[in-house]
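Scroll down for the structure; my scribbles are underneath it.
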Amino acid sequence: MRHVIALDVGGTGMKAALVGADGSLLYEARRETGRARGPEAVVEAVLAFAGELAEEGARRFGEPPAAAGVAVPGIVDEARGTAVFSANIGWRDVPFRALLGERLGVPVALGHDLRCGGLAEGRLGAAHGVDRFLFIALGTGIAAGIGIEGRIEPGAGGASGEIGHIVVRPGGIPCGCGQRGCLERYASASAVGLAWARAGGGPGATAADCARAVRAGDEAAGAVWQQAVDILADGLLTALTLLDPAAIVVGGGLAEAGDTLFVPLREAVGERIAFQNRPEIVPARLGDTAGCLGAGLLAWDLLAGSAGRDHTRRTEVTA
Numbered sequence: 001m002r003h004v005i006a007l008d009v010g011g012t013g014m015k016a017a018l019v020g021a022d023g024s025l026l027y028e029a030r031r032e033t034g035r036a037r038g039p040e041a042v043v044e045a046v047l048a049f050a051g052e053l054a055e056e057g058a059r060r061f062g063e064p065p066a067a068a069g070v071a072v073p074g075i076v077d078e079a080r081g082t083a084v085f086s087a088n089i090g091w092r093d094v095p096f097r098a099l100l101g102e103r104l105g106v107p108v109a110l111g112h113d114l115r116c117g118g119l120a121e122g123r124l125g126a127a128h129g130v131d132r133f134l135f136i137a138l139g140t141g142i143a144a145g146i147g148i149e150g151r152i153e154p155g156a157g158g159a160s161g162e163i164g165h166i167v168v169r170p171g172g173i174p175c176g177c178g179q180r181g182c183l184e185r186y187a188s189a190s191a192v193g194l195a196w197a198r199a200g201g202g203p204g205a206t207a208a209d210c211a212r213a214v215r216a217g218d219e220a221a222g223a224v225w226q227q228a229v230d231i232l233a234d235g236l237l238t239a240l241t242l243l244d245p246a247a248i249v250v251g252g253g254l255a256e257a258g259d260t261l262f263v264p265l266r267e268a269v270g271e272r273i274a275f276q277n278r279p280e281i282v283p284a285r286l287g288d289t290a291g292c293l294g295a296g297l298l299a300w301d302l303l304a305g306s307a308g309r310d311h312t313r314r315t316e317v318t319a
């Protein structure tokens, strides 16, 4: 059976799969990233894991993989096939496409992990059939993928979708990006956890703890949660005004709160809309497999190619 290798490399773990032409997961595996051993060791772990997957595919299906797709965090230069920088892992200018191509002997597509997640949600998940959507991940930080007519838009410099760094409270909390008052400093899962810890949740409190307290009727937790929802709605209104998406797909840790998040968020966005289109606001469907699936889709897109377009760029932007 014809198949491709898909790898989603995270700060703590790697998810991998053999993916069929229809996007089906034919085989799945996971490994620790091992970042404590240093960036060079992580790169070697990725290469070794890909080699294991190639052997597994040959054993299961009687033929080698047709291609490989890899999703990585940080700054990604898809045109050169290079992982430019990752603060979490510590690597710089890793030529993954060349390294994996040499190890596996097949074409390799490299993409950004968040945009790969959006790619998968657009083709296989919650935004399937939607021409224009925003995929937003509410985790340690906040980032987004912009889906436009069957592709995920990377921007001129590969940094589109950085909605977490929209300034929603000018002069507010300092952000690691150098600005003050960024959206992710108020409405990410980590920000909600910190706010709830200060407001009564105690040291080590998380956003999930805050959500549980909200459901239990805790007024202090309710105030923390509503502030985050209101500020998130402020940020989304800017995105609606600029992008006019038909749907907003929300994933990441905060989305696991379910209706505790989605009911007040839909209401808060609705209250802010003036002339803007009112989008559907829906939870992501693919969970933590989205990035891996997206990497597989990149590999299939690489094989398919596109008339009149450079295939190395298509791997990053086509959905």
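Residue numbering for the sequence shown follows UniProt numbering, beginning at 1 and increasing consecutively.
Glycine included, every Cβ here is placed at the ideal spot set by N, Cα and C.
From a predicted model like this one, the values you see are computed outputs, not experimental measurements.
Three-state secondary structure (DSSP) of residue i
| i | result |
| --- | --- |
| residue 321 | The structure shown does not extend to residue 321, since the chain spans only 1 to 319, so no value can be given for it. |
| I146 | strand |
| C292 | helix |
| D22 | coil |
| A137 | strand |
| residue 336 | Because the chain is modelled from 1 through 319, residue 336 falls outside the range shown and cannot be assessed. |
| T318 | For T318, the pLDDT reaches just 32, beneath the cut-off of 50, and the residue's location in the model is therefore unreliable, although a value from the coordinates is still provided. Strand at T318. |
| D234 | helix |
| R132 | strand |
| I89 | coil |
| P64 | coil |
| R151 | strand |
For residue j and residue i, believed in contact at Cβ under 8 Å, the rounded distance
| i | j | result |
| --- | --- | --- |
| A83 | W91 | 6 Å |
| V70 | A295 | 6 Å |
| P65 | L104 | 7 Å |
| I152 | L110 | That pair is no contact at about 14 Å. |
| E149 | D131 | 5 Å |
| R97 | V108 | 5 Å |
| A207 | G253 | 6 Å |
| A68 | L100 | 6 Å |
Paired residues, beta bridge with residue i - DSSP
| i | result |
| --- | --- |
| M14 | V9 and R31 |
| L110 | V70 |
| T82 | D77 |
| E280 | A247 |
| P174 | R180 |
| I163 | Beta-bridge pairing links I163 to no other residue. |
Neighbourhood of residue i by C-beta, 6 Å cutoff - its chain only, sequence neighbours within 5 removed
| i | result |
| --- | --- |
| I136 | A144 and V250 |
| R180 | G171, G172 and P174 |
| E280 | A247 |
| C292 | A6, D8, K15 and A17 |
| F85 | G74, I75 and R92 |
| R35 | V42 and I89 |
| A195 | V224 |
| A29 | A16 |
| G57 | H3, L18 and P65 |
| S190 | T140 |
Own chain partners of residue i with C-beta closer than 8 Å, once the 5 adjacent residues on each side are dropped
| i | result |
| --- | --- |
| G20 | M1, R2, H3 and L26 |
| R215 | T260 |
Minimum Cβ-Cβ distance from residue i to chain C less than 8 Å
| i | result |
| --- | --- |
| F85 | Structure shown: chain C not included; a single protein chain is present. |
Spatial neighbours of residue i in its chain, beta-carbon cut-off 7 Å, leaving aside the 5 residues before and after
| i | result |
| --- | --- |
| G222 | V214 |
### Message
I'd like to know if the stretch 274-286 and the stretch 230-249 are in contact, where contact means that at least 3 CB-CB pairs between them fall below 8 Å.
### Response
Yes, since at least three Cβ pairs between the stretch 274-286 and the stretch 230-249 fall closer than 8 Å, the two stretches touch.
### Message
Within 8 Å, do at least three Cβ pairs link the stretch 36-51 to the stretch 7-22?
### Response
yes
### Query
Is the stretch 281-298 touching the stretch 118-136 in the sense that three or more CB pairs, one from each, lie closer than 8 Å?
yes
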